[in-house]
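These protein sequence lines are chains A and B, in that order. The first sequence begins at 1 in this note's numbering and counts up one residue at a time. The second sequence begins at 211 in this note's numbering and counts up one residue at a time. Where is the CB? At the ideal position from N, CA and C, for every residue including glycine. Worksheet: one structure, shown below.
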Amino acid sequence: MGWLEGRFEESVITSTLEQVINWARESSMWPMTFGLACCAIEMMASGASRYDMDRFGAGAFRATPRQADLMIVAGTVNYKMASRVRRLYNQMPDPKFVIAMGACTCGGGPYYKYGYNVVKGVDLVVPVDVYVPGCPPRPEALLEGLMRIQDKVRGMKDLTKNQPVEVPIPSRTGYVLLPPELSDPDPLKEAEKQNAFAKRTKEQAAPSKA
Amino acid sequence: MTPADITAALEAKFGDRIKAKKLDAIDPFVVVDAADLVEVCRFLRDDPALRFEILSCVSGVDYFEPDPKKALKAGFEPHVEVVYHLQSFTHRHRFVVKVSLPRWKGDKPGDLPEVPSVTGVWLAADWHEREVYDLSGVWFTGHPDPRRMLLAEDWEGHPLRKDYEFPLEYHGMRGR
Numbered sequence: 001m002g003w004l005e006g007r008f009e010e011s012v013i014t015s016t017l018e019q020v021i022n023w024a025r026e027s028s029m030w031p032m033t034f035g036l037a038c039c040a041i042e043m044m045a046s047g048a049s050r051y052d053m054d055r056f057g058a059g060a061f062r063a064t065p066r067q068a069d070l071m072i073v074a075g076t077v078n079y080k081m082a083s084r085v086r087r088l089y090n091q092m093p094d095p096k097f098v099i100a101m102g103a104c105t106c107g108g109g110p111y112y113k114y115g116y117n118v119v120k121g122v123d124l125v126v127p128v129d130v131y132v133p134g135c136p137p138r139p140e141a142l143l144e145g146l147m148r149i150q151d152k153v154r155g156m157k158d159l160t161k162n163q164p165v166e167v168p169i170p171s172r173t174g175y176v177l178l179p180p181e182l183s184d185p186d187p188l189k190e191a192e193k194q195n196a197f198a199k200r201t202k203e204q205a206a207p208s209k210a
Numbered sequence: 211m212t213p214a215d216i217t218a219a220l221e222a223k224f225g226d227r228i229k230a231k232k233l234d235a236i237d238p239f240v241v242v243d244a245a246d247l248v249e250v251c252r253f254l255r256d257d258p259a260l261r262f263e264i265l266s267c268v269s270g271v272d273y274f275e276p277d278p279k280k281a282l283k284a285g286f287e288p289h290v291e292v293v294y295h296l297q298s299f300t301h302r303h304r305f306v307v308k309v310s311l312p313r314w315k316g317d318k319p320g321d322l323p324e325v326p327s328v329t330g331v332w333l334a335a336d337w338h339e340r341e342v343y344d345l346s347g348v349w350f351t352g353h354p355d356p357r358r359m360l361l362a363e364d365w366e367g368h369p370l371r372k373d374y375e376f377p378l379e380y381h382g383m384r385g386r
């Protein structure tokens, strides 16, 4: 806070409203209880006493998406589940964050080649902020991922600069690239369709103002 | 009863409707026609010397080699088998019944081969048959609830068929 800092007595702290809001937000990241496969066991271990996710304020696993800020997608997402994942994500209030936990959610994992029913990465379904690789990742890795989410929250400037949360890079839109024999023969129309889809997903992904 | 006795009992009752048998396999089995299946199963369950009360498992097996070069040496004609594993708590013996089917009904790809459902004999067959229908593509006629078991309702194809092609997209998600 530059010139203002340290001018007062010790019991007075100066800060910006945005910093305080971000500090409060990052210190109470409530994840959603959302385990899909074996990674969920590791997520539970992270929440239990030994690794104690509560130290980072993220121990309150909520059973409803409407009270959660963070979705930890822990486990294999298959096509039947994908629409449900999307719906739960849409039900979460803004600002919302997603951790893709484990190899399956990062990009299909062991089911990449022969998993006929496995989504090749949950980023084809919802926008992902932090990827935590591993099969399954250690609880420490999940905590690291959580801290990266907190870094992201600390960098949010949606109050002063009206800046939405950045779309993670590389972000995949979930648009289907069909092989040439199945895709639309008209390239212009195709590009339009792609643009419309990208715009729509961006709108869906962008949080509204705080 | 030994597998030989069970087979003898079946042959005494059904004669040449038992199409084939193999007694030196790990799970000795007989092969019957799809039309005779329910009758044979009911006999296996109700005969006091046999008493197969438990249907352990229903499986579908696709005998097919997509590679034409390997298909010559494969040693089998392309077909689909449905395998019923039976068990008796009363007499502590077990047995296997198989039904051999064409891969497609009338050799028209897409038309599923048909087997009569044995849900009327063992209720346990209900979900097993749904799973076989879902993954191996065998239609069980007379099944009370013939829906897919594991995959989504609007899924196309049956993934455990050897010539199954993976979906390139599903509801806007790309497949590979």
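Interface flag for Ala82(A) against chain B is set, since a Cβ pair is found closer than 8 Å. For Ser298(B), the three-state secondary structure derived from DSSP is strand. Residue state for Val348(B) is assigned as coil, using DSSP reduced to three classes. At least one CB of chain A lies nearer than 8 Å to the CB of Ala362(B). Straight across, the Cα-Cα distance linking Pro326(B) with Ser49(A) is about 55 Å. By the C-beta density criterion, Gly285(B) is exposed, having fewer than 16 other C-beta atoms within 10 angstroms. In this structure, Phe253(B) is the residue among Leu345(B), Ala235(B) and Phe253(B) with its C-alpha nearest to the C-alpha of Leu220(B).
Listed in chain order, the non-local C-beta contacts of Arg358(B) below 6 Å within the same chain comprise Asp344, local neighbours out to five positions each way being set aside. Under the three-state reduction of DSSP, His368(B) is assigned to coil, being neither helix nor strand. Residues of chain A whose Cβ lies closer than 7 Å to the Cβ of Phe376(B) are, in chain order, Tyr116. DSSP places Glu275(B) outside both helix and strand once states are collapsed to three, so it counts as coil. In the DSSP assignment, Ala100(A) falls within the unbroken beta strand (DSSP E) covering Phe97 to Met101. For the pair Pro323(B) and Arg313(B), the Cα-to-Cα distance works out to about 7 Å. For Ala37(A), there is no enclosing alpha helix (DSSP H), as DSSP gives it neither H nor E.
About 5 Å separates the beta carbon of Val132(A) from that of Met101(A), a gap short enough to meet the 8 Å contact definition. Non-local C-beta neighbours of Arg25(A) in its own chain, meaning closer than 7 Å and more than five positions away in sequence, comprise Val153, ordered along the chain. By the Cβ test, the region 109 to 116 of chain A is not in contact with the region 54 to 74 of chain A, since fewer than three Cβ pairs between them sit closer than 8 Å. In terms of beta-carbon proximity, Leu124(A) lines the interface with chain B, with at least one pair separated by less than 8 Å.
Remark: C-beta atoms of Gly270(B) and Val328(B) do not approach each other more closely than 8 Å.
Fewer than three pairs of CB atoms, one per stretch, sit closer than 8 Å, so the region 314 to 321 of chain B makes no contact with the region 241 to 255 of chain B. As DSSP reads the structure, Tyr380(B) sits in a beta bridge with Met383(B).
At a cut-off of 8 Å between beta-carbon atoms, Arg340(B) makes no contact with chain A. Per the coordinates, the alpha-carbon of Leu378(B) lies some 35 Å from the alpha-carbon of Lys308(B).
Against chain A, a Cβ distance below 9 Å from Pro369(B) picks out Tyr116 and Asn117. Chain A has no Cβ within less than 8 Å of the Cβ of Met359(B). Phe239(B) is not a Cβ neighbour of Lys229(B), given a cutoff of 8 Å.
Nearest C-alpha to Asp215(B) among Phe224(B), Glu287(B), Asp277(B) and Leu260(B): Leu260(B). Interface annotation, Tyr294(B): not in contact with chain A, CB-CB separation never under 8 Å. Annotation note: the region 316 to 361 of chain B contains the following uninterrupted alpha helix (DSSP H) runs of length 4 or greater, listed N- to C-terminal: 335 to 346. Per DSSP, the continuous alpha helix (DSSP H) segment holding Lys80(A) begins and ends at Tyr79 to Gln91. Bounds of the alpha helix (DSSP H) holding Arg25(A) are Leu17 to Glu26. Within its own chain, the residues whose Cβ lies closer than 8 Å to the Cβ of Arg138(A), once the five positions on either side in sequence are excluded, are Glu42, listed in chain order.
With fewer than 16 other CB atoms across the displayed protein chains lying within 10 angstroms of its CB, Arg302(B) is exposed. Interface criterion not met: the Cβ of Tyr343(B) is under 8 Å from no Cβ in chain A.
Annotation: Cβ neighbours of Tyr79(A) in chain B (cutoff 9 Å, chain order): Leu361, Ala362, Trp365, Pro377, Tyr380, His381, Met383 and Gly385. Boundaries of the beta strand (DSSP E) harbouring Ala230(B): Ile228 to Lys232, taken from the DSSP string.
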